[in-house]
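Undergrad: The following block contains the structure, expressed as structure tokens.
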Amino acid sequence: MDQIASDALTIVYGIANLALISLGLAIIFGMMRVINLAHGEFLMLGGYTVVVATNNGVNLWIAMLILAPLVVGVIGVVVERLLIRWLYGRMIDTLLATWGLSLLFIGIVTSIFGASTTTTISPPLGVITIGAYTSSGYELFLIGVAIALMAGVYAVLKLTTLGLLARGTMQNAEMAAALGVSTSRIYMITFGLGAAVSGLAGGLLAPITGVLPTIGVVYIAKAFITVISGGQAILAGTASASVLLGGVNGIVAFITGPTIGEVALLLLAIVLLRLMPTGITGRFFRKSL
Amino acid sequence: MRRGEVVLETRNLSMAFGGVRAVDRVDFTLWDGELRCLIGPNGAGKSTFFKCLTGQLRPTEGDVVIRDVHVAGREPHEIAALGVGIKTQVPNVFDGLSAEENIWIAARRWHGAERARTLTRETIERLQLGEVRTRIVGTLAHGQRQWVELGMVVAADPWLVLLDEPAAGMTHEETGRTAELIREINRSAAMIVVEHDMQFIRMISRTVTLFHEGRILMEDSMDAISADPVAREIYLGHRA
Amino acid sequence: MRLARDFRGTLIVAALAVLFTLIAPVTLEFFTIITLTQVIGLAILGLSLALIWGFGGILCFGQTAFFGLGAYAYAIAATNIGGSTGAILIAVLVAAAFAAILGYFVFYGRVSDVYLAVITLTVSLILYSLIRRTSGPEYKIGDALLGGFNGTGAPPLNIPGDASAMLFPEHIFYVAMAALILVYILCGRVVTTHFGRVCVAIRENETRAELLAYDTRLYKLGIFTLGAAIAGLGGVFFAVGISRVTPDVFGLGQSALTIIWVIVGGRGTLIGPILATFALYYLTAALGTQQLLNTNLILGIILVIFVLAVPRGVIPTLTGWAATRRQRRALRARERRLRLRRPRGGEVAGEAE
Ligand SMILES: Nc1ncnc2c1ncn2[C@@H]1O[C@H](COP(=O)(O)OP(=O)(O)OP(=O)(O)O)[C@@H](O)[C@H]1O
Ligand SMILES: [Mg+2]
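Chains as they are written, first to last, in this note's numbering: chain A, 18 to 306; chain B, -5 to 234; chain C, 27 to 379.
This is the structure in structure tokens:
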């Protein structure tokens, strides 16, 4: 019984982890129809923010929950203003430009901090025990954060004026532009928000994974698969794809080991795409957020 | 090809977008050798109906039969491969290629290299595209692009031709030439032409089908339709 | 006709490449010749993407997946068979078969460009992390240890039929160069055939191609598979050039580089990306020896600048300039003639393009 609870918790954590690393990407994709190839580097920058801040004596929680999203969010806005906005309507060029950005970030961080970092932060909150089994309290915390973050994004989309405008733009960018909604500003905020959420995720994961200039690679494959399988609805897409892919990954990995788990993730995603070329939310839950 | 045969038929054809039925249980028949015009106000569902015929949309309900082949839900290339020539409302041409290459691609689908080259030359002559033969199509004027697209349809020598607003955006003179070309194509092919331009329709049509809110409202000669008070109200009234 | 002229251009470039092949071993240092083999492998990779992206319009961000599969398949097959000729064939077939299966799913699912780009990139990243985990002695195909992140040894080429007759590095250079030139001619030929031109037409407007009764999925699958086979061959020479295959062939850096070659060289040209491969290889090699500027930093800047300022790439931009200048000159010449009141019939010389 305890074993089942502990294993289930591992799988749920896998799902939450997937949702956490994908949500920022999903926000940008849902709104702008563009996959941000610098997504992994946004996560990486979140991690570095936490490392630098704590090295300078900032409280770990403040660094993770406030500084990381703030810093990366600002970087996102700057990037959007300097680069992305020149490429509106040029989908492929936007993809390429974000890829250039990804290399640029890796290059800059490597130049400043070197190719590897020795600093590690140990995950706070210790362990909790379930009967005879132990589980990381921090992982439990991250599950909570993933849920809270989803709820937060839901609230922003559903309850605020910004959310209303964003939803309009999401449905039909041209229509929104014709109605006088400044899509340019919405895109700027979206990009900033997506970056901030990614920064938060990267900051929160830094204690578990450590930081490296190239750590983005570890995340992006999974994040891409999740967002593409999910389709364009930000929340429903991320949630449904995380549960499906994270669940399958968790179960397969549990049986055969992590390598095959990742392959299963990819194969499932490719088969899903053959059946639903526009993602899960392109077929189901069409009207959802 | 015997006259009086049915070449295209739809039964109970419907296409719904979410809650909106853009095409609503349409029964439609086209006879061999016929030149049929589809008219109707903006948003009547003409293009949606058209796309159900060409395979660009998968109808939510009903059937499309082209020469005994059930084609509802088939891919556009399968339908075109039956010998159906199609021009869409939004011009669809190969913008980065020359006018000649555009037409060659169409001709080469059906013929060997030698024959395709001859056909391309003939088509260019027939459509008087000689001047723009080597020009990149993306740089041509709207009317000329439409002509290149018509050229692609003609070059494949189809027996059934579907045209969605072939004269849209053309000058008066170009419209006249298009009407002439359509009559010429009609000698060897049955046709459906979607149009708004009344004068143009008078130039080419015998039977006209009037669409309104996804349904066929009337099917008659242009004169009879323009004399009908209901038709005037919903359609001609809009235009006045 | 235009076709004949395009292909003549290909042959002229090929002739120049033959000339280079003949003088290179005489004028260059031995060490340079050895590294050249590996760069030729990369250039074949660049050429493969030039074909499928530049002409087929298929936005494949993970062309390195096929390159890497070719490299690994060669190393494993050559180690097991004990000869290189069959191994090359196997490498090319493995890459092509993998692409055919992947292509079936993406093209028949009709996924959009953005999805295709990201899915192909993801495939190569997954292969990367997969192969990195194969370091134990249990990961073994026949006699070949996969070796995890250390990679596995790639045997050199030998004379067909005689596995003990190994080729010398300069001979391997000749073989690699011959492969590059032949594949270049093949690609140049393919894009002028009916198949190739339909692929270009699909790039221009897929709907139109469909409405002209072309099964666009099949054509895309065809050119995608051909491109993968070529990338696989590139992988073979890369592996032979460095005598090793490591997981980095699948890495994000390699994927990015491949895209950058095509962006810089230009889409819609075959020679552009090949030249860009050589140029950027030596640029990054030069950068690697200094500590000041990070290679990723430079590559990132190059990519961003090209997307913003030179989106068509170097070669098309140059030929575009040349063509406009030629046209202007012809126009001026005609005006001059007209002014001299010796009007002569005939069209303005020089075709658009
Ligand atoms: N892809 C789509 N999704 C949702 N609604 C659509 C779509 N395509 C068409 N419609 C709707 O279906 C209705 C019919 O449109 P359609 O384009 O068939 O009209 P039409 O008769 O061709 O008009 P026009 O004369 O302007 O070309 C319109 O209300 C339109 O908004
Ligand atoms: Mg219409």
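Virtual Cβ for every residue (Gly too), placed ideally from N, Cα, C. These numbers were taken from a predicted model, which means no experiment stands behind them.
Can you pull the chain C neighbours of residue 146 (chain B), defined as C-beta to C-beta under 8 Å?
TA: For this step, residue 146 (chain B) is matched to residue 152 along the second sequence. The contacting residues are 234 and 238.
Undergrad: According to DSSP, is residue 9 (chain B) part of a helix, a strand, or is it coil?
TA: Stepping through the second sequence from its first residue, residue 9 (chain B) is reached at position 15. Here residue 9 (chain B) sits in strand by DSSP.
Undergrad: I want to check one thing, is the minimum distance from the CB of residue 14 (chain B) to the heavy atoms of ligand 1 below 7 Å?
TA: In the second sequence, counting from the first residue as 1, residue 14 (chain B) sits at position 20. Yes, since a heavy atom of ligand 1 falls inside the 7 Å radius drawn around the Cβ of residue 14 (chain B).
Undergrad: List the whole-angstrom C-beta distance separating residue 210 (chain C) from residue 73 (chain C), where the pair is believed to meet the contact cut-off of C-beta under 8 Å.
TA: For the purposes of this step, residue 210 (chain C) is taken as residue 184 along the third sequence, with counting starting at 1. For the purposes of this step, residue 73 (chain C) is taken as residue 47 along the third sequence, with counting starting at 1. Confirmed, about 6 Å.
Undergrad: Any beta carbon of chain C sitting closer than 8 Å to that of residue 65 (chain B)?
TA: As a working mapping, residue 65 (chain B) is identified with position 71 in the second sequence. It does not: the Cβ of residue 65 (chain B) has no partner Cβ on chain C nearer than 8 Å.
Undergrad: Starting from residue 31 (chain B) and walking both ways along the beta strand (DSSP E), at which residues does that stretch end?
TA: Locating residue 31 (chain B) in the second sequence gives position 37, where the first residue counts as 1. Note, residue 31 (chain B): beta strand (DSSP E), 29 to 33.
Undergrad: Answer yes or no: does any C-beta atom of chain C fall closer than 8 Å to that of residue 86 (chain A)?
TA: As a first step, residue 86 (chain A) must be located in the first sequence, where it is residue number 69. For residue 86 (chain A), the answer is no, since every Cβ of chain C falls outside 8 Å of its Cβ.
Undergrad: Can you look up residue 191 (chain B) in the DSSP assignment and give me helix, strand or coil?
TA: The count along the second sequence starts at 1 and reaches residue 191 (chain B) at position 197. Note: residue 191 (chain B) maps to coil in three-state DSSP.
Undergrad: Near residue 21 (chain A), which residues of its chain fall below 6 Å by C-beta distance, leaving aside the five closest residues on each side in sequence?
TA: Along the first sequence, read from residue 1 onward, the residue named residue 21 (chain A) stands at position 4. Excluding positions up to five away in sequence, the list is empty.
Undergrad: Taking DSSP as the reference, what is the three-state secondary structure of residue 170 (chain C)?
TA: Your numbering for residue 170 (chain C) matches position 144 in the third sequence. Note: residue 170 (chain C) maps to strand in three-state DSSP.
Undergrad: Please classify residue 232 (chain C): does DSSP put it in a helix, a strand, or coil?
TA: By one-based count along the third sequence, residue 232 (chain C) stands at place 206. It is helical.
Undergrad: When burial is assigned at 16 or more other CB atoms within 10 Å of the CB, is residue 191 (chain C) buried or exposed?
TA: Walking along the third sequence from the start, residue 191 (chain C) turns up at place 165. It counts as exposed.
Undergrad: Please list, in chain order, all residues of the same chain as residue 64 (chain C) whose beta carbon is under 6 Å from its beta carbon, the five residues on each side excluded.
TA: Within the third sequence, numbered from 1, the residue matching residue 64 (chain C) stands at position 38. If we look at residue 64 (chain C) and ignore the five residues flanking it on each side, its Cβ neighbours are 264, 267 and 268.
Undergrad: For residue 175 (chain A), count the other beta carbons within 10 Å of its own beta carbon; 16 or more makes it buried, fewer makes it exposed. Which is it?
TA: Here residue 175 (chain A) refers to the residue found at position 158 when the first sequence is read from its first residue. Exposed is the call here.
Undergrad: Distance cutoff 8 Å, beta carbons only. Does residue 320 (chain C) sit that close to anything in chain A?
TA: Residue numbering aside, residue 320 (chain C) sits at position 294 when the third sequence is read from its first letter. Yes, contact with chain A.
Undergrad: Distance, Cα to Cα, residue 294 (chain C) vs residue 81 (chain C)?
TA: Along the third sequence, one-based indexing puts residue 294 (chain C) at 268. Along the third sequence, one-based indexing puts residue 81 (chain C) at 55. Each residue's Cα considered, the two are about 5 Å apart.
Undergrad: Could you check whether the Cβ of residue 372 (chain C) sits closer than 8 Å to any Cβ belonging to chain B?
TA: The sequence position of residue 372 (chain C) within the third sequence is 346, counting from 1. With a pLDDT of only 41 at residue 372 (chain C), under 50, the local geometry of the prediction cannot be trusted, and no value is derived from it.
Undergrad: What does residue 134 (chain C) reach in chain A if we use C-beta pairs closer than 8 Å?
TA: Walking along the third sequence from the start, residue 134 (chain C) turns up at place 108. By Cβ distance, chain A contributes 291.
Undergrad: Taking 7 Å as the cut-off, is the CB of residue 188 (chain B) close to at least one heavy atom of ligand 2?
TA: For the purposes of this step, residue 188 (chain B) is identified with residue 194 of the second sequence, where counting begins at 1. Yes; taking the cut-off as 7 Å, the Cβ of residue 188 (chain B) has a heavy atom of ligand 2 nearer than that.
Undergrad: Which residues of chain C have a Cβ atom closer than 8 Å to the Cβ of residue 108 (chain A), listed in chain order?
TA: Taking the first sequence and counting its residues from 1, one reaches residue 108 (chain A) at position 91. Simply 139 and 140.
Undergrad: Give the list of continuous alpha helix (DSSP H) stretches no shorter than 4 residues that lie fully inside the region 217 to 266 of chain C.
TA: List check, alpha helix (DSSP H) in window: 220 to 230 and 232 to 237.
Undergrad: Within the continuous alpha helix (DSSP H) that includes residue 108 (chain B), where are the two ends?
TA: Along the second sequence, one-based indexing puts residue 108 (chain B) at 114. Unbroken alpha helix (DSSP H) run through residue 108 (chain B): 107 to 120.
Undergrad: Use the C-beta contact count for residue 205 (chain B): other C-beta atoms within 10 angstroms, 16 or more gives buried, fewer gives exposed.
TA: On the second sequence, residue 205 (chain B) is found 211 positions in, with the first residue counted as 1. Label assigned to residue 205 (chain B): buried.
Undergrad: Among A:261, A:78, A:140 and A:108, whose alpha-carbon lies nearest the alpha-carbon of residue 54 (chain A)?
TA: Position 37 of the first sequence holds residue 54 (chain A). The option with the nearest alpha carbon to residue 54 (chain A) is A:108.
Undergrad: Confirm the yes/no value for this check: CB of residue 86 (chain B), any heavy atom of ligand 1, distance under 7 Å.
TA: Position 92 of the second sequence, counted from the first residue, corresponds to residue 86 (chain B). Result no, Cβ not under 7 Å from ligand 1.
Undergrad: If residue 249 (chain C) sits next to residue 71 (chain C), beta carbons under 8 Å apart, how far is it from one beta carbon to the other, in whole angstroms?
TA: Within the third sequence, residue 249 (chain C) is the residue found at index 223, counting from 1. Within the third sequence, residue 71 (chain C) is the residue found at index 45, counting from 1. About 16 Å; that fails the 8 Å criterion.
Undergrad: Looking at chain C, is there any beta carbon in it that lies within less than 8 Å of the beta carbon of residue 207 (chain A)?
TA: Along the first sequence, read from residue 1 onward, the residue named residue 207 (chain A) stands at position 190. No, because no Cβ of chain C sits closer than 8 Å to the Cβ of residue 207 (chain A).
Undergrad: Which ranges would you report for the alpha helix (DSSP H) in the region 269 to 351 of chain C if only whole runs of at least 4 residues count?
TA: Taking only runs of at least 4 residues, the alpha helix (DSSP H) segments lying wholly in the region 269 to 351 of chain C are 278 to 291, 297 to 314 and 321 to 335.
Undergrad: Which residue from B:208, B:187 and B:207 puts its Cα closest to that of residue 198 (chain B)?
TA: Start at 1 with the first residue of the second sequence, and residue 198 (chain B) comes out as number 204. The shortest C-alpha separation from residue 198 (chain B) is found at B:187.
Undergrad: Going by DSSP, what residue range makes up the beta strand (DSSP E) through residue 158 (chain B)?
TA: Residue mapping note: residue 158 (chain B) aligns to position 164 of the second sequence, counting from 1. Taken as a continuous stretch (DSSP letters only), the beta strand (DSSP E) holding residue 158 (chain B) covers 154 to 158.
Undergrad: Enumerate, from N- to C-terminal direction, the unbroken beta strand (DSSP E) stretches of 3 or more residues contained entirely within the region 173 to 218 of chain B.
TA: As far as the region 173 to 218 of chain B is concerned, its whole beta strand (DSSP E) runs of at least 3 residues are 184 to 188, 201 to 206 and 209 to 214.
Undergrad: Following a CB-centred definition, is residue 158 (chain B) positioned closer than 7 Å to any heavy atom of ligand 2?
TA: On the second sequence, residue 158 (chain B) is found 164 positions in, with the first residue counted as 1. True, at least one ligand heavy atom lies under 7 Å from that Cβ.
Undergrad: Listed in chain order, which residues of the region 56 to 85 of chain C have Cβ atoms closer than 9 Å to some Cβ of chain A?
TA: Listed by position, the residues of the region 56 to 85 of chain C near chain A (Cβ gap below 9 Å) are 85.
Undergrad: So, is the C-beta of residue 337 (chain C) closer than 8 Å to a C-beta in chain A?
TA: Here residue 337 (chain C) refers to the residue found at position 311 of the third sequence. Chain A contact via Cβ: present.
Undergrad: What are the start and end residues of the beta strand (DSSP E) that includes residue 25 (chain B)?
TA: Taking the second sequence and counting its residues from 1, one reaches residue 25 (chain B) at position 31. Where residue 25 (chain B) is concerned, the enclosing beta strand (DSSP E) stretches over 14 to 25.
Undergrad: Assign residue 372 (chain C) to one of three DSSP states: helix, strand, or coil.
TA: Counting from one through the third sequence, the residue named residue 372 (chain C) turns up at place 346. Because residue 372 (chain C) carries a pLDDT of 41, less than 50, the predicted location of this residue cannot be relied on, and no value is offered for it.
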